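Colleague:
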Amino acid sequence: MKLIPLVGALKRGEISSARSSPPPAPAALPELSELKSLASSPEQVAARQQADALLQQARAEAEQIRQQAHQQGYREGYQAGEQEAYARFEAAYQEQIAQLREEVNAFLCQLQAQFDEYLRLLEAQMLELTLQIARKVIRDEMRQQPEHVLAVIRDTLRRVQGFGKVRVRVNPLDLELARQQKPMLLTVVDTVEGLEIVEDRRVDQGGCLIETPQGIYDARISTQLDEIERELREALPEAG
5 MKLIPLVGAL KRGEISSARS SPPPAPAALP ELSELKSLAS SPEQVAARQQ ADALLQQARA
65 EAEQIRQQAH QQGYREGYQA GEQEAYARFE AAYQEQIAQL REEVNAFLCQ LQAQFDEYLR
125 LLEAQMLELT LQIARKVIRD EMRQQPEHVL AVIRDTLRRV QGFGKVRVRV NPLDLELARQ
185 QKPMLLTVVD TVEGLEIVED RRVDQGGCLI ETPQGIYDAR ISTQLDEIER ELREALPEAG
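Going by the working numbering, the sequence shown opens with residue 5, and the numbers climb by one from there.
#1: So what's residue 203 in DSSP terms, helix, strand or just coil?
#2: Closer than 6 Å by C-beta to residue 239: which residues in its own chain qualify, once you throw out the five before and the five after it? Chain order, please.
#3: Just confirm the distance between the C-beta atoms of residue 168 and residue 202, as a whole number of angstroms; I'd bet it's less than 8 Å.
#4: Which ranges would you report for the alpha helix (DSSP H) in the stretch 77-144 if only whole runs of at least 4 residues count?
#5: Would residue 160 be called buried (16 or more neighbouring beta carbons within 10 Å of its own) or exposed?
#6: With a threshold of 6 Å on Cβ separation, who are the neighbours of residue 226 within its own chain once the five nearest residues in sequence on each side are excluded?
#7: Are at least three pairs of beta-carbons, each pair with one atom in the stretch 209-223 and one in the stretch 174-182, less than 8 Å apart?
#8: Let's test the definition: count the other Cβ atoms within 10 Å of the Cβ of residue 63 and tell me whether it reaches 16, buried, or not, exposed.
#9: Using beta-carbon positions only, say whether residue 200 and residue 181 come within less than 9 Å of one another.
#10: According to DSSP, is residue 153 helix, strand or coil?
#11: To the nearest angstrom, how far is it from the Cα of residue 121 to the Cα of residue 224?
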């Protein structure tokens with residue numbers, strides 16, 4: 005086999021010297037000052053500032069999100085608490101209104117009862133006062149106009165029916181006048197057999213009491229007032 009010689013083959017001496025020569029030293033590291041100068045270059049400063057700005061923005065956004073979540077939770081909790089408080093207040097308010105309504109109704113019922121009692125007593129007193137005034141007025145009228153008894157006797161005799169003797173009872177103060185007008189009174193009851201006029205202290209002045217075979221006709225003033233009182237008390241049953 006034929007060997008092909010290497011181009012630029014080293015001579016034997018060169019090989020020996022190459023074997024005996026030391027290896028090359030490694031490249032030297034950059035100095036600290038050089039690193040500082042590289043770190044403070046405009047490009048590195050701008051990059052670092054941009055990174056800081058992004059970090060601050062991220063922190064601000066995170067804080068904003070946290071506050072929004074807190075405020076949202078606070079609003080929701082406040083609204084829920086507000087609704088619950090309003091519900092409790094509304095229930096208490098309605099309960100107080102119901103209780104107040106019951107108290108007012110009870111007071112009105114009591115007031116109405118007292119008013120009815122007062123009105124009942126007042127009506128009774130007014131009725132009694134009215135009757136007293138009426139009696140006094142009638143007595144005074146009879147004294148001032150004694151001839152009024154003639155009208156009472158005449159009107160009562162017109163109610164008499166049948167035949168027989170008729171007796172007319174009058175107050176002693178009316179006796180003389182009634183006897184004087186006996187002829188006029190007989191014209192009212194021309195069918196009777198006789199007309200007798202007598203005094204009776206039970207009869208009020210201005211009234212009369214007529215006795216006939218068919219019955220008695222009471223036209224006394226006191227009887228008429230008693231009838232008026234009875235009708236008034238029936239119209240006002242609570243006054244009695």
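By construction, the Cβ of each residue, glycine as well, lies at the ideal position given by its N, Cα and C atoms.
Note that the structure is a prediction, hence the values are computed from the model and not measured.
Modeller: Straight from the coordinates:
#1: strand
#2: none
#3: That pair is no contact at about 16 Å.
#4: none
#5: buried
#6: 208
#7: yes
#8: exposed
#9: no
#10: helix
#11: 34 Å
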